[in-house]
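*Asks:* Pasting a structure below so you can have a look.
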Amino acid sequence: MSNASSQMDTSPQANPAGDALPDSWLDTLVGYALRRAQLKVFQHLVGNLTEHDLRPAQFTAMVIIDNEPGLMQADLARQLAIEPPQLVPLLNKLESRGLAQRVRGVQDKRAYGVFLTKAGTALLGQLKAIAVASDEAATAALDEDERAQLLRLLHKVNR
């Protein structure tokens, strides 16, 4: 009994746009290509955030907190796709730097909302500019239309 996947051509192929052949069979997999691209973009951002002694997850948390001031810790952890105990050291770091603060909830004294401080808001403006420049540098091989198309396709995959 034969199935369709065993009959698929798994050899690397050039795409219709005329781009170069993939280096290996792995390069024909979307997941592999996404991961390689993610690593490149991520490492570029890591290097640019180092001067501010921050990691991408801390930057991402600051952006989320800025968009939703007072967000509960559990909700922030969910948006960061991490377990709540993993959020504690991240928030401790932001608090020790004076960039964020946790405020005990009024209705539920066990819950804490998270806010950026004035210093956190000011730094976030700089960090966003750094992230945009880093993102553009890491994807410099793409023109504006290709970059917009890639973003559209990635958003489509993530829906």
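Number 1411 in the working numbering belongs to position 139 of the sequence shown; there are no gaps in the numbering.
Think of the CB as a built atom: it goes at the ideal place given N, C-alpha and C, for glycine as much as any other residue.
So is residue 1314 buried or exposed if we call it buried at 16+ other beta carbons inside 10 Å?
*Replies:* To locate residue 1314, count along the sequence shown from 1; it is residue 42. Classification for residue 1314: exposed.
*Asks:* In the region 1376-1413, which residue ranges form an unbroken alpha helix (DSSP H) of at least 4 residues, counting only runs that do not cross its ends?
*Replies:* As far as the region 1376-1413 is concerned, its whole alpha helix (DSSP H) runs of at least 4 residues are 1390-1410.
*Asks:* Quick check on the burial criterion: 16 or more other C-beta atoms within 10 angstroms. Buried or exposed for residue 1363?
*Replies:* One-based indexing of the sequence shown puts residue 1363 at position 91. By the 10 Å Cβ count, residue 1363 comes out buried.
*Asks:* Output the boundary residues of the alpha helix (DSSP H) element that contains residue 1298.
*Replies:* Numbered from 1 along the sequence shown, position 26 holds the residue referred to as residue 1298. Taken as a continuous stretch (DSSP letters only), residue 1298 belongs to no alpha helix (DSSP H), as it is neither H nor E.
*Asks:* Buried or exposed for residue 1371, please, with buried defined as at least 16 other CB atoms from any protein chain shown within 10 angstroms of its CB.
*Replies:* Looking up residue 1371 in the sequence shown gives position 99. Residue 1371 comes out buried.
*Asks:* With a threshold of 8 Å, are at least 3 pairs of Cβ atoms found where one atom belongs to the region 1343-1351 and the other to the region 1379-1387?
*Replies:* Yes: at least three Cβ pairs fall under 8 Å.
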